[in-house]
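Trainee:
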Amino acid sequence: MGRAISIGVFQRDYWIALKEKNIFKTFDVEAVRGNIISSDGSLLAMSVPIYTVRMDLKAIAVRDSFQKKVDSLALRLSQILPEKSKETWKRELRKAYAQKSTWFLIANNIEFSTLQQIRTCPILRYGRYKGGRIEEVKTRREMPFRSLAERTLGRYREGIKPVGIEGAFNDQLKGVNGKQLMRKISGGIWRPVEEEAQVEARNGDDIITTIDVSLQDVAEAELRRQLEAHKAEYGCVVLMEVETGYIKAIANLGRSGDSSYAEIYNYALGTRTEPGSTYKLASLMAAFEDGLASPTDIWDTKNGVVLFGGKEMIDSKKGGYGKIDLKTAFEESSNTAISQAVNRAYQSHPEKFIKRLKQFHLHETVQTDLPGEEAPKMPEPEKMKLNRTSVPWLSIGYETAITPLQLLTFFNAVANDGKMMKPQFVQEIRRGNQVVKRFDPIVIDPAICSKATIEKVKPMLEGVVSRGTATRLKSDFYQIAGKTGTAQVYVAKDGYKSQKYQASFAGYFPADDPKYSCIVVIFDPTAGDYYGSKVAAPVFKEVADKVYAKSLEIHSEGIAEGKTELPARNIRVGAGFAPQFDLVASRLGLSVNADGDASWVNAKKENKSLKTQSLKMAAGLIPDVTGMGLKDALYLLENAGLRVTCYGKGLVKKQSLPPGTKIQKNSHIIIELT
240 MGRAISIGVF
250 QRDYWIALKE
260 KNIFKTFDVE
270 AVRGNIISSD
280 GSLLAMSVPI
290 YTVRMDLKAI
300 AVRDSFQKKV
310 DSLALRLSQI
320 LPEKSKETWK
330 RELRKAYAQK
340 STWFLIANNI
350 EFSTLQQIRT
360 CPILRYGRYK
370 GGRIEEVKTR
380 REMPFRSLAE
390 RTLGRYREGI
400 KPVGIEGAFN
410 DQLKGVNGKQ
420 LMRKISGGIW
430 RPVEEEAQVE
440 ARNGDDIITT
450 IDVSLQDVAE
460 AELRRQLEAH
470 KAEYGCVVLM
480 EVETGYIKAI
490 ANLGRSGDSS
500 YAEIYNYALG
510 TRTEPGSTYK
520 LASLMAAFED
530 GLASPTDIWD
540 TKNGVVLFGG
550 KEMIDSKKGG
560 YGKIDLKTAF
570 EESSNTAISQ
580 AVNRAYQSHP
590 EKFIKRLKQF
600 HLHETVQTDL
610 PGEEAPKMPE
620 PEKMKLNRTS
630 VPWLSIGYET
640 AITPLQLLTF
650 FNAVANDGKM
660 MKPQFVQEIR
670 RGNQVVKRFD
680 PIVIDPAICS
690 KATIEKVKPM
700 LEGVVSRGTA
710 TRLKSDFYQI
720 AGKTGTAQVY
730 VAKDGYKSQK
740 YQASFAGYFP
750 ADDPKYSCIV
760 VIFDPTAGDY
770 YGSKVAAPVF
780 KEVADKVYAK
790 SLEIHSEGIA
800 EGKTELPARN
810 IRVGAGFAPQ
820 FDLVASRLGL
830 SVNADGDASW
840 VNAKKENKSL
850 KTQSLKMAAG
860 LIPDVTGMGL
870 KDALYLLENA
880 GLRVTCYGKG
890 LVKKQSLPPG
900 TKIQKNSHII
910 IELT
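Numbers in our numbering are just positions in the sequence shown, counted from 1, shifted up by 239.
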């Protein structure tokens with residue numbers, strides 16, 4: 240006993256002494272950054288392991304076998320890493336052997352498939368102690384869909400302003416670093432004392448976004464097509480779920496130096512502009528709320544030109560619209576009629592106008608999950624009293640500035656019968672298969688206005704599409720409601736003389752039971768038309784059509800009403816993510832009989848119901864992925880720290896490592912699909 244204590248004390252003193260001589264040092268072991276995942280389960284951003292392989296040619300076991308096997312080792316390395324010939328490998332290996340190198344570089348920044356081949360090489364196949372093989376692993380951030388939603392996903396770098404989801408949720412994504420004792424060897428190089436870390440790293444959490452990849456893809460493709468056709472400076476599209484405020488797609492494309500378009504800035508979030516005619520909705524809602532105007536009021540457009548304080552207000556239609564009611568004026572986007580109506584209501588009391596606009600939260604940021612939102616600009620009532628043009632020009636969307644996302648939040652509230660929802664980009668934070676945090680819908684304001692006002696403006700928004708400025712959005716299958724916008728852009732040097740325009744369309748669909756709201760903004764189209772109805776509205780239509788085709792629940796002839804031809808026996812069941820089974824069952828009008836609220840389940844069909852049983856998942860143990868699709872299987876296995884090879888297609892039939900067994904470091908699992 241005394242001898243054991245003596246040895247223990249001596250060893251402790253020995254290590255402390257070496258550490259004080261700076262021979263040993265503790266380094267951080269970087270945690271693997273969490274994944275960013277779409278609402279439909281696709282990987283949007285992921286950390287891919289990359290490896291460096293070195294060789295300790297001083298190891299006794301290596302020196303015993305080196306001379307016999309160096310030739311075959313050099314040959315095999317030249318086949319795996321052909322940038323060096325067999326002769327070059329042999330020469331370099333012999334030189335390192337003669338120098339008794341403990342840190343000879345074999346390969347740097349290679350993928351796992353290459354590492355697997357190196358592990359089969361002569362000598363190296365025997366591992367670290369018998370084969371001198373030393374492996375280092377780091378991670379590289381990759382975006383499987385490349386530039387898709389690139390600006391919204393963002394990036395995080397030390398010392399640089401955080402951007403997007405990567406920046407906003409860095410604390411959750413980065414995990415907790417581990418600790419590794421390292422020893423300094425010749426050349427000032429540090430190498431691990433032991434293969435295992437002193438303190439294991441905790442990998443980062445996964446962020447489950449609200450983004451739908453297929454909708455994001457169509458939003459970006461249609462926006463790009465329209466930007467290229469009209470040679471515009473930039474544009475954005477945002478698609479929001481009406482009831483929840485969840486953002487299903489957000490595309491931001493700007494013209495780069497070579498005239499191509501890329502996600503270079505989040506215009507939807509960070510760029511405020513004068514909105515133009517889309518703001519007319521807020522102006523008329525204010526007047527309706529105060530009882531100072533009605534959709535049936537008649538106004539004379541006076542040949543399309545009206546004077547306010549000596550300044551001309553002009554309609555886009557030459558000669559104006561004659562005498563029209565306010566509803567028609569809105570549908571046709573008559574500047575003269577709407578500005579006269581709002582001016583009569585608020586010229587003497589602009590503070591009342593501003594108060595109503597603030598009631599609609601048009602002066603506030605929406606405080607999204609992401610950094611970089613620009614605050615709206617709204618004129619001060621006292622200054623408006625001194626300028627007789629302020630009220631009429633504000634009524635048609637000038638002398639104010641707002642971001643596309645803020646304006647969409649307002650339109651979404653109208654679609655939602657006055658309930659304003661906070662826009663959100665993230666649904667959940669997960670650690671493995673455990674939900675750490677769930678982001679439920681957040682209500683900004685349960686009622687931004689009276690029901691009476693909503694009942695007045697909804698038919699007007701529908702009229703814009705059915706017979707007004709946006710008739711090209713008409714569909715035989717569903718109805719869109721919204722407002723076109725065309726704003727002349729103020730440029731610092733030239734004012735409004737620069738002849739730059741912004742085209743936009745904001746609205747929602749289906750008009751009779753709104754599920755989605757959307758805004759499209761295209762800045763400075765220089766080729767062809769510049770009107771919102773011709774430049775922005777077509778993008779809205781393509782996105783809406785895609786959503787309609789994809790989302791069964793918004794069809795009027797719904798599956799839940801029993802009109803589907805899909806019988807229960809056609810459902811492909813197995814194991815997987817519980818919410819996906821719930822969604823399929825609901826769309827097919829089936830009930831779900833669940834034995835709990837687990838995230839991962841086995842599913843069986845029983846008559847006209849789907850029975851789900853919880854899958855047992857335990858940290859540190861191999862998960863059972865049999866019966867799952869490839870997407871779910873990869874998600875569970877890779878998050879458990881396993882390296883995966885798969886064969887076949889369909890559902891997982893076999894897995895090489897038994898479920899429930901302990902996961903060993905660098906474990907490799909093979910799954911077979913059929």
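Idealized CB from N, CA, C, for every residue including glycine.
Decide if the segment 359-378 is in contact with the segment 310-323; the criterion is three or more beta carbon pairs, one per stretch, under 8 Å apart.
Mentor: yes
Trainee: Buried or exposed for residue 713, please, with buried defined as at least 16 other CB atoms from any protein chain shown within 10 angstroms of its CB.
Mentor: Label assigned to residue 713: exposed.
Trainee: Count the CB pairs spanning the segment 472-486 and the segment 614-625 that are closer than 8 Å, and state whether there are at least three.
Mentor: no
Trainee: Quick check on residue 739: does DSSP put it in helix, strand or coil?
Mentor: coil
Trainee: In the structure shown, what three-state DSSP assignment does residue 495 receive?
Mentor: Three-state DSSP puts residue 495 in coil, outside helix and strand.
Trainee: Going by beta-carbon coordinates alone, are residue 379 and residue 373 separated by less than 8 Å?
Mentor: With contacts defined as CB atoms closer than 8 Å, residue 379 and residue 373 fail to qualify as a contacting pair.
Trainee: How about residue 537 and residue 277: do their beta carbons lie closer than 8 Å?
Mentor: Not in contact: residue 537 and residue 277 (Cβ atoms no closer than 8 Å).
Trainee: Count the other C-beta atoms from every protein chain shown that fall within 10 angstroms of the C-beta of residue 542, then say buried if there are 16 or more, exposed otherwise.
Mentor: Here residue 542 is exposed. Its C-beta has fewer than 16 other C-beta atoms within 10 Å.
Trainee: Would you kindly work out how many angstroms separate the C-alpha atoms of residue 657 and residue 772, rounded to a whole number?
Mentor: 26 Å
Trainee: Who are the Cβ neighbours of residue 493 in its own chain at under 6 Å, not counting the five residues just before and after it?
Mentor: For residue 493, where only same-chain residues beyond five positions count, the Cβ hits under 6 Å are 473, 503, 504.
Trainee: Would you say residue 696 touches the ligand HEM, meaning its beta carbon is less than 7 Å from a heavy atom?
Mentor: As for the ligand HEM, it is missing from this structure, which has no ligand bound.
Trainee: Quick one: give me the first and last residue of the beta strand (DSSP E) that residue 448 is part of.
Mentor: 445-448
Trainee: Residue 368 by DSSP, collapsed to three states: which one?
Mentor: helix
Trainee: Please determine if the segment 885-894 and the segment 854-865 are in contact, where contact requires at least 3 C-beta pairs separated by less than 8 Å.
Mentor: The answer is yes - the segment 854-865 touches the segment 885-894, with three or more Cβ pairs under 8 Å.
Trainee: Is there a Cβ of chain E sitting closer than 8 Å to that of residue 459, yes or no?
Mentor: Within the model displayed, chain E is absent; a lone protein chain is all it includes.
Trainee: In its own chain, which residues sit with a C-beta less than 7 Å from the C-beta of residue 795, not counting the 5 before and 5 after it?
Mentor: Confidence in residue 795 is poor, its pLDDT being 43 and thus under 50, which makes the residue's placement unreliable; the coordinate value appears in the next sentence. Closer than 7 Å at the Cβ level, and outside the excluded window around residue 795, lies no residue.
Trainee: Report back the beta-carbon spacing between residue 273 and residue 443 to the nearest angstrom; my notes put them in contact at under 8 Å.
Mentor: 3 Å
Trainee: Using the C-alpha atoms, what's the distance from residue 518 back to residue 593?
Mentor: 13 Å
Trainee: Return the CA-CA distance between residue 907 and residue 298, expressed in angstroms with no decimal places.
Mentor: 27 Å
Trainee: With a cut-off of 8 Å on the beta carbons, I'd call residue 756 and residue 651 a contact; round off their distance for me.
Mentor: Yes, they are in contact, since the Cβ atoms of residue 756 and residue 651 sit about 4 Å apart, within 8 Å.
Trainee: Write down every uninterrupted run of the alpha helix (DSSP H) in the segment 621-647 whose length is 4 residues or greater and which is fully enclosed by it, in chain order.
Mentor: 629-634
Trainee: Please classify residue 603: does DSSP put it in a helix, a strand, or coil?
Mentor: coil
Trainee: Any idea what DSSP makes of residue 763, helix, strand or coil?
Mentor: coil
Trainee: Taking the CB atoms as reference points, tell me whether residue 462 and residue 490 lie closer together than 8 Å.
Mentor: yes
Trainee: What are the complete beta strand (DSSP E) segments, minimum 3 residues, inside the segment 494-582?
Mentor: Complete beta strand (DSSP E) runs here, min 3: 537-539, 544-547, 550-553, 562-564.
Trainee: Whose C-beta lies closer than 7 Å to the C-beta of residue 630 among residues of the same chain, with five residues either side of it excluded?
Mentor: Cβ within range, chain order: 581, 582, 585, 586, 589, 592, 623.
Trainee: Ordered along the chain, which non-local residues of its own chain (more than five positions away) have a Cβ less than 6 Å from that of residue 391?
Mentor: 403, 489
Trainee: Mind checking which residues open and close the alpha helix (DSSP H) that includes residue 441?
Mentor: Segment: none, residue 441 is in no alpha helix (DSSP H) and carries neither H nor E.
Trainee: Roughly how many whole angstroms lie between the Cα atoms of residue 823 and residue 838?
Mentor: 15 Å
Trainee: Name the two residues that bound the continuous beta strand (DSSP E) containing residue 839.
Mentor: Here the beta strand (DSSP E) through residue 839 covers 839-845.
Trainee: Can you tell me which of 659, 400, 452 puts its alpha carbon nearest to the alpha carbon of residue 279?
Mentor: 452
Trainee: Determine the contact status of residue 774 and residue 465, defining contact as a CB-CB distance below 8 Å.
Mentor: yes
Trainee: Below 8 Å CB to CB, which residues in the same chain sit around residue 911 once its five sequence neighbours on both sides are set aside?
Mentor: By the criterion of a C-beta distance shorter than 8 Å, residue 911 is surrounded in its chain by 885, 886, 887, 891, 892, 893, 894, once the five residues flanking it on both sides are discounted.
Trainee: Counting pairs of beta carbons, one from the segment 599-615 and one from the segment 400-420, are three or more of them closer than 8 Å?
Mentor: yes
Trainee: How would you label residue 271, buried or exposed, when you count the other beta carbons within 10 angstroms and need 16 or more for buried?
Mentor: buried
Trainee: For residue 913, does the count of other Cβ atoms within 10 angstroms reach 16, so buried, or fall short, so exposed?
Mentor: If you draw a 10 Å sphere on the C-beta of residue 913, you find fewer than 16 other C-beta atoms in it, and that means exposed.
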